[in-house]
Amino acid sequence: MSSYSINLYSLSDATTNISNILTAQTNGAQWDDNQWSRPTLTVNTGATATHVTVNDTDSGSAADTLDDDSTNQVLTAPLTIGSTTYATGTELQNEYEVTLVDADTGIFYRVVAISVREYSRWGNYTDNIIGFTFEGDVPDEGVTLSYPGSYNRWGRWVPDYNNNYDADYQSMVPCFTKGTLIDTAQGPRAVETLKVGDLVVTADHGVAPLRWIGSRRLQADLLNTAPQMLPIRITKGALGPDIPAQDLLVSPQHRMLVRSRIAERMAGTHEVLVAAKHLLSLPGVEIDRNVTEVTYLHLVFDQHEIIFAQGAATESLYTGEQALKAISSEARQEIWALFPSLLTDPEAPKPARQIFAGKLGRKLAFRHLKNNKALVAAPEKRRFH
Numbered sequence: 001m002s003s004y005s006i007n008l009y010s011l012s013d014a015t016t017n018i019s020n021i022l023t024a025q026t027n028g029a030q031w032d033d034n035q036w037s038r039p040t041l042t043v044n045t046g047a048t049a050t051h052v053t054v055n056d057t058d059s060g061s062a063a064d065t066l067d068d069d070s071t072n073q074v075l076t077a078p079l080t081i082g083s084t085t086y087a088t089g090t091e092l093q094n095e096y097e098v099t100l101v102d103a104d105t106g107i108f109y110r111v112v113a114i115s116v117r118e119y120s121r122w123g124n125y126t127d128n129i130i131g132f133t134f135e136g137d138v139p140d141e142g143v144t145l146s147y148p149g150s151y152n153r154w155g156r157w158v159p160d161y162n163n164n165y166d167a168d169y170q171s172m173v174p175c176f177t178k179g180t181l182i183d184t185a186q187g188p189r190a191v192e193t194l195k196v197g198d199l200v201v202t203a204d205h206g207v208a209p210l211r212w213i214g215s216r217r218l219q220a221d222l223l224n225t226a227p228q229m230l231p232i233r234i235t236k237g238a239l240g241p242d243i244p245a246q247d248l249l250v251s252p253q254h255r256m257l258v259r260s261r262i263a264e265r266m267a268g269t270h271e272v273l274v275a276a277k278h279l280l281s282l283p284g285v286e287i288d289r290n291v292t293e294v295t296y297l298h299l300v301f302d303q304h305e306i307i308f309a310q311g312a313a314t315e316s317l318y319t320g321e322q323a324l325k326a327i328s329s330e331a332r333q334e335i336w337a338l339f340p341s342l343l344t345d346p347e348a349p350k351p352a353r354q355i356f357a358g359k360l361g362r363k364l365a366f367r368h369l370k371n372n373k374a375l376v377a378a379p380e381k382r383r384f385h
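Here full-length UniProt numbering is used: the first residue of the sequence shown is 1, the next is one more, and so on.
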């Protein structure tokens, strides 16, 4: 059992420009639904957070974090929020998370909606959001936070795709490491040996020609100061039977394909993409802290593709406007020269699969762990759609 504390703000401690946006839905989808209106949240001047202690009897690493859909996280003392008091033993949950930005400073903040589970006399329950906290830094009172995005060249507000912010751009590089075997028309080949024009096996479009390859070498001094850029090792069989077929080393933000009934229940589609770092709760997925330097390589096709690395389905580089901020200015110029429509089309490119960002990705991993289910259902690891 773990015990940890959070500083909980009541709903009345915040001012938002969209009524009830903190509480409208317990999955947080209202932020995405209203993203084009650029929703904002301001912690009111004089707001005082309540110090709350939680006992967590979840197993393993799940006991170190406040999660959703867990009945094992309970108050250690009565909690009064507003005019309501919740008894010792009341279940407390991290209902959803959303990342907002202070547009004046460019600093990102992670807002966490906190709920209590309330039971009826018949044993039914509802999860009611009662307040919010912050994961990491807390903004100053009176600072307005807004949904991340930017104005494009037409003056149109463009939200960041799927609110996919957990760190600075440079920690969001989605790519492979040297030595990774990529399935090609000639069989598996080390990613660093591939050249523009080589035909790579895709899940949706047969074999597709590589249009661009980029690389970035990270040495020990950078990895020491930015450990969030260390690669993640997905060990053999961690995602499903022989998936991957050998250990796979990818950047934290690199997305792996999950194909399961759990994904279908959560997303309405049986295949989704989840960043490797959001799978860290699973056995066999871990940050490789023994790496002293790493070379990351990016593969670009005519469109976002599902390809195969060490036998596991994963993504090529997604070329959305915000995603390209993860690579150098020179690399962006090269990609824009190849795909000028990225500069003229106000709509973001379509991802190969629905992307589960942040909380959804971690929740998906937790549900697979809880139900002892593989992320890629066997034995049909290459049957798609």
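Backbone N, C-alpha and C define an ideal beta-carbon position, used for all residues, glycine too.
Predicted model only: the values in this text are computed from it and were never measured.
So the candidates are the options; which of them puts its Cα closest to the Cα of residue i?
{"i": "LEU280", "options": "LEU222, HIS270, LEU239, VAL111", "result": "LEU239"}
{"i": "LEU375", "options": "LEU324, THR80, ASP288, ASP242", "result": "ASP242"}
{"i": "GLY311", "options": "VAL43, ALA352, MET266, ILE234", "result": "ILE234"}
{"i": "GLU330", "options": "TRP122, GLY214, VAL207, PRO78", "result": "GLY214"}
{"i": "ILE107", "options": "LEU199, GLY136, SER260, THR76", "result": "GLY136"}
{"i": "LEU343", "options": "CYS175, ASP32, GLU293, THR319", "result": "THR319"}
{"i": "VAL285", "options": "GLU271, SER5, ALA103, PRO252", "result": "PRO252"}
{"i": "ALA352", "options": "ARG289, VAL274, ALA365, PHE366", "result": "VAL274"}
{"i": "residue 393", "options": "ALA267, LEU223, THR184, GLY197", "result": "A query on residue 393 cannot be resolved here, the shown segment of the chain reaching from 1 to 385 and no further."}
{"i": "VAL74", "options": "ILE81, GLY197, ASN55", "result": "ASN55"}
{"i": "VAL191", "options": "SER120, LEU297, LEU282", "result": "LEU297"}
{"i": "MET256", "options": "LEU338, GLY268, HIS278, ASN224", "result": "HIS278"}
{"i": "LEU100", "options": "LEU145, ALA276, ASN44, ASN224", "result": "LEU145"}
{"i": "residue 392", "options": "ARG216, GLN186, PRO209", "result": "In the structure as shown, the chain begins at 1 and stops at 385. Residue 392 is therefore absent and cannot be evaluated."}
{"i": "VAL43", "options": "ILE81, PHE134, THR105", "result": "PHE134"}
What does residue i pair with, by DSSP beta-bridge criteria?
{"i": "ASN128", "result": "VAL116"}
{"i": "TRP212", "result": "VAL300"}
{"i": "VAL285", "result": "ILE234"}
{"i": "GLY240", "result": "ILE243"}
{"i": "TYR109", "result": "LEU100"}
{"i": "LEU249", "result": "ARG233"}
{"i": "ARG217", "result": "THR295"}
{"i": "LEU41", "result": "THR16, LEU145"}
{"i": "GLY187", "result": "THR184"}
{"i": "VAL201", "result": "VAL207"}
{"i": "HIS270", "result": "The partner list for HIS270 (beta bridge, DSSP) is empty, contrary to what the question assumes."}
{"i": "residue 388", "result": "There is simply no residue 388 to check, as the chain begins at 1 and stops at 385 in what is shown."}
{"i": "ILE81", "result": "THR84"}
{"i": "ASN7", "result": "HIS51"}
{"i": "ALA275", "result": "ARG255"}
{"i": "VAL376", "result": "ARG259"}
{"i": "THR177", "result": "TYR296"}
{"i": "GLN93", "result": "SER115"}
Skipping 5 residues on each side, what residues in its chain have a beta carbon closer than 6 Å to that of residue i?
{"i": "THR65", "result": "Its pLDDT being 46, under 50, THR65 is placed unreliably in this model, and the value from its coordinates should be taken loosely. There are no such residues."}
{"i": "VAL143", "result": "ASP102"}
{"i": "THR26", "result": "GLU95, ASP127"}
{"i": "LEU324", "result": "ARG332"}
{"i": "LEU222", "result": "none"}
Just confirm the distance between the C-beta atoms of residue i and residue j, as a whole number of angstroms; I'd bet it's less than 8 Å.
{"i": "THR28", "j": "LYS359", "result": "Before going on, a small fix: residue 28 reads as Gly here, not Thr. So it is a contact: roughly 7 Å between Cβ atoms."}
{"i": "ASP302", "j": "ARG211", "result": "6 Å"}
{"i": "PRO139", "j": "TYR109", "result": "5 Å"}
{"i": "THR202", "j": "HIS254", "result": "At roughly 16 Å, the Cβ-Cβ gap does not stay under 8 Å, so THR202 and HIS254 are not in contact."}
{"i": "ILE182", "j": "VAL200", "result": "6 Å"}
{"i": "ILE335", "j": "VAL300", "result": "6 Å"}
If I measure Cβ to Cβ from residue i and keep anything under 8 Å in the same chain, skipping five residues before and after, which residues do I get?
{"i": "ALA245", "result": "LYS236, GLN310, GLY311, ALA312"}
{"i": "LEU22", "result": "LEU11, ALA14, THR16, LEU41, ALA113, ILE129, PHE132"}
{"i": "THR85", "result": "PRO78, LEU79"}
{"i": "HIS270", "result": "ARG259, SER260, ARG261, ALA263, GLU264"}
{"i": "THR76", "result": "SER3, THR53, VAL54, ASN55, THR88"}
{"i": "ASP247", "result": "ARG233, ILE234, THR235, LYS236, GLN310"}
{"i": "PRO46", "result": "Note that residue 46 corresponds to Gly in the displayed sequence, not to Pro. Correct list, in chain order: GLU141."}
{"i": "ALA276", "result": "ILE232, ILE234, VAL250, SER251, PRO252, GLN253, HIS254, ARG255, MET256, VAL285"}
{"i": "LYS350", "result": "GLN303, HIS304"}
Counting only the same chain and skipping the five closest in sequence on each side, list residues whose C-beta sits under 7 Å from that of residue i.
{"i": "GLU118", "result": "TYR125, THR126, ASN128"}
{"i": "PRO231", "result": "THR177, LEU249, VAL250, SER251, ASP288, VAL291, VAL294"}
{"i": "HIS51", "result": "SER5, ASN7"}
{"i": "VAL116", "result": "TYR86, THR90, GLU91, LEU92, ASN128, ILE130"}
{"i": "ILE18", "result": "ASN34, SER37, PRO39"}
{"i": "VAL98", "result": "GLY28, TRP31, VAL111, ASN163"}
{"i": "PRO316", "result": "Before going on, a small fix: residue 316 reads as Ser here, not Pro. Correct list, in chain order: LEU299, VAL300, PHE301, HIS304, GLU305, ILE307."}
{"i": "GLN219", "result": "GLU293"}
{"i": "residue 435", "result": "There is no way to answer for residue 435, as the model of the chain reaches only from 1 to 385."}
{"i": "LEU369", "result": "SER281, LEU282"}
{"i": "GLY268", "result": "none"}
{"i": "GLY179", "result": "ALA190"}
{"i": "SER61", "result": "With a pLDDT of 38 at SER61, under the threshold of 50, the modelled position of this residue cannot be trusted, and the question is left open."}
{"i": "GLY361", "result": "VAL274, ALA275, HIS278"}
Please confirm if residue i has its CB atom under 7 Å from at least one CB of chain C.
{"i": "PRO244", "result": "In the displayed structure, chain C is absent; only one protein chain is listed."}
Exercise for review: Could I get the ranges of all uninterrupted alpha helix (DSSP H) runs contained in the segment 303-366, with 4 residues as the minimum, in chain order?
Suggested key: 329-338, 341-344
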